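Step one of this worksheet: look at the structure below.
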Amino acid sequence: MSLLSRYVCFVFAQYFGLGLSVCTALFFLIELFDRIDNFIDYRASWVDVVTYLLLGLPDILYLMVPVACLLASVLTFSTLNKHNEIVAMRAAGVAPLRLAMPLFGLGVVACCLLLAVQEYVLPYTHRAEREVWYTRIQGKPGAHTVAYKTHDIWYRRSNRVWQARRSNVLENRLTWVTIYKLTPEGNIRQRIDAQTAHWDGEGWRLRQGSVRTFSVSAHFATAPNHFTERWFDFPEPPEDICALPKGPEDMGLRESLAYAKQSQRQGQLQQGRRYLVAFHGKLAFAVVCIIMVGFGAPMALTSNRSGGTARAIALTLVCGFSYWILHSLTMALGQSGYVPPILAAWIGNVCFGTGSLYLTIQAR
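Residue numbers (this note's numbering): 14 to 377.
This is the structure:
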């Protein structure tokens with residue numbers, strides 16, 4: 014790397030750190046003032062408040078990195094232009110946009126960093142933050158420590174669908190259980206009802222129940238075959254049946270993709286689409302760091318001709334948060350099924366990438 018490239022990268026790193034710090038501090042204060050009434054109402058201790066806010070800090074940093082990349086790119090070239098360093102480089106035969114090439118390398122580093130944070134940090138901080146909020150601040154039972162449920166439980170695996178009114182994981186017991194066996198076409202082939210079901214480590218022992226077998230078309234069923242106690246070799250353990258489902262924000266990239274494929278195989282197309290949109294959205298949000306670097310350099314050069322650095326900074330904030338709004342909107346449309354998952358996640362990147370290309374042509 015040449016001395017000039019190292020100098021440009023150094024200036025970029027300074028502005029990136031400044032922009033990330035300022036944006037994170039503002040977002041942090043907004044979160045604090047938004048929650049302060051809740052902290053007072055629940056009489057939360059300072060330790061719990063600080064713990065909760067610190068656990069939310071990685072998520073704030075994650076959201077602000079693309080904006081910081083754009084801001085650093087704009088301020089780097091605005092500063093060089095202001096001090097006539099761009100003019101000196103032109104005189105030496107160096108094209109201004111050529112200086113952006115090492116910055117793209119920093120954009121790739123930021124992209125990889127976001128992917129790593131999304132995979133290894135955010136899933137754990139999200140769960141820990143929620144645990145602190147519900148258990149230590151609100152005083153409710155923790156989502157990961159609940160030993161029983163009293164509402165309807167639904168679980169599907171392969172060709173079986175489980176439904177139970179109540180569960181007790183500590184005793185490996187379900188109450189008022191219904192098990193549906195499905196045909197490959199999705200019709201009900203058999204229905205098993207029981208008052209209780211107990212897991213013995215290898216299968217389920219059902220008591221006080223009945224079995225009904227349906228015709229191939231599921232239009233009629235045989236008479237119920239009642240039983241007092243019967244053992245079934247169903248391999249689903251109670252931990253799987255009663256597990257609280259994870260949201261996309263609690264999963265890394267690999268887990269989101271695996272869960273999306275599993276849901277689609279089980280026929281849960283809407284849920285599979287939701288997690289597939291989340292997977293592509295996480296990828297797109299990380300890649301936009303590279304696009305923001307390419308977007309900022311020509312915008313700074315063109316803005317300095319007609320408005321100066323202040324106008325460039327204003328445009329940076331508008332563009333950065335416009336992307337965030339567009340990305341959130343298209344993600345919501347994708348999860349609702351109005352837009353294909355890939356298009357929903359990447360349309361913001363395509364729009365800003367096109368804008369970056371247009372500004373580059375204008376700057377030349």
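Where a beta carbon is used, it is the ideal one built from N, C-alpha and C, also for glycine. Note that the structure is predicted; figures quoted are calculated from it, not measured.
Whole-angstrom distance between residue j and residue i, CA atom to CA atom
i: P250; j: D72; result: 34 Å
i: T92; j: S369; result: 20 Å
i: D61; j: I53; result: 12 Å
i: A299; j: M305; result: 11 Å
i: K259; j: A101; result: 56 Å
i: Y374; j: E252; result: Looking at the sequence provided, one finds Ile at residue 374 rather than Tyr. In a straight line, the C-alpha of I374 is about 58 Å away from that of E252.
i: V63; j: A129; result: 25 Å
i: T37; j: G309; result: 20 Å
i: P354; j: L119; result: 28 Å
i: L330; j: M344; result: 21 Å
i: G294; j: A104; result: 43 Å
i: E255; j: T241; result: A small correction: the amino acid at residue 255 is Cys; Glu does not occupy that position in the sequence shown. Going by the C-alpha atoms only, they are around 25 Å apart.
i: S269; j: P311; result: 36 Å
i: R169; j: R48; result: 38 Å
i: S171; j: T196; result: 10 Å
i: A357; j: Q348; result: 8 Å
i: Y20; j: V107; result: 14 Å
i: Y371; j: F247; result: 60 Å
i: Q221; j: F245; result: 14 Å
i: I166; j: D206; result: 14 Å
i: C124; j: S34; result: 18 Å
i: Y272; j: L187; result: 25 Å
i: H157; j: E142; result: At H157 the pLDDT is 43, less than 50, meaning the model places this residue with poor confidence; the figure from the coordinates comes in the next sentence. Taking the straight line joining both Cα atoms gives about 12 Å.
i: Y137; j: L126; result: 16 Å
i: R179; j: F292; result: 33 Å
i: A325; j: H96; result: 16 Å
i: S388; j: A327; result: Summary: the structure shown does not reach residue 388, with the chain confined to residues 14 through 377, and so no result is reported for it.
i: L39; j: L70; result: 12 Å
i: S15; j: N94; result: 20 Å
i: H239; j: G152; result: 45 Å
i: A236; j: V352; result: 46 Å
i: Q208; j: L346; result: 42 Å
i: K274; j: F23; result: 43 Å
i: L74; j: R218; result: 50 Å
i: Q281; j: K194; result: 16 Å
The beta strand (DSSP E) enclosing residue i, as first and last residue numbers
i: L128; result: Counting along the chain, L128 falls outside any beta strand (DSSP E), though it belongs to the alpha helix (DSSP H) covering A113 to Y133.
i: Q277; result: Here Q277 belongs to no beta strand (DSSP E); instead the alpha helix (DSSP H) covers L266 to R278.
i: W217; result: W217 to T226
i: Y168; result: I166 to R170
i: N181; result: R173 to N181
i: N200; result: N200 -> no beta strand (DSSP E), and no H or E assigned at all.
i: E242; result: N238 to F245
Distance CB(residue i)-CB(residue j) smaller than 8 Å
i: F29; j: C82; result: yes
i: G285; j: Q277; result: yes
i: G350; j: Q283; result: yes
i: C302; j: L339; result: no
i: G32; j: A85; result: yes
i: H224; j: A210; result: One detail in the question is off: residue 224 reads as Val in this sequence, not His. Going by C-beta atoms, V224 is not nearer than 8 Å to A210.
i: L68; j: V134; result: no
i: F90; j: L314; result: yes
i: R140; j: D263; result: yes
i: G333; j: V80; result: yes
i: L66; j: L45; result: yes
Of the residues the options, the one placed nearest residue i, counting alpha carbons only
i: V87; options: R56, Q27 and L39; result: Q27
i: N185; options: D213, A357 and V107; result: D213
i: A57; options: L16, I150 and R243; result: I150
i: S18; options: G307, L116 and M77; result: L116
i: A297; options: L372, G366, E198 and K194; result: G366
i: I201; options: Y147, G152 and I192; result: I192
i: W359; options: L328, P79, Y272 and V290; result: V290
i: T148; options: K274, Y55 and P261; result: Y55
i: T226; options: V121, Q203, Q131 and L39; result: Q203
i: E198; options: R173, L74, Y288 and L342; result: R173
i: G216; options: P261, R111, R243 and R267; result: R243
i: V121; options: N94, S15 and V78; result: V78
i: E132; options: L342, P261 and S341; result: P261
Residue i: first and last residue of the uninterrupted alpha helix (DSSP H) it sits in
i: W189; result: Here W189 belongs to no alpha helix (DSSP H); instead the beta strand (DSSP E) covers R186 to L195.
i: W9; result: Within the shown structure, residues of the chain are numbered from 14 to 377, placing residue 9 beyond reach of any answer.
i: Q27; result: L16 to D54
i: E252; result: P251 to I254
Closer than 8 Å to chain B by CB, residue i
i: Y137; result: Within the model displayed, chain B is absent; a lone protein chain is all it includes.
Where in the segment 306-372 do unbroken runs of the alpha helix (DSSP H), each at least 4 residues long, occur, reported from the N-terminal end onward? 321-349
So within the segment 79-114, which uninterrupted alpha helix (DSSP H) runs reach at least 4 residues, ignoring any that extend past its ends? 98-104
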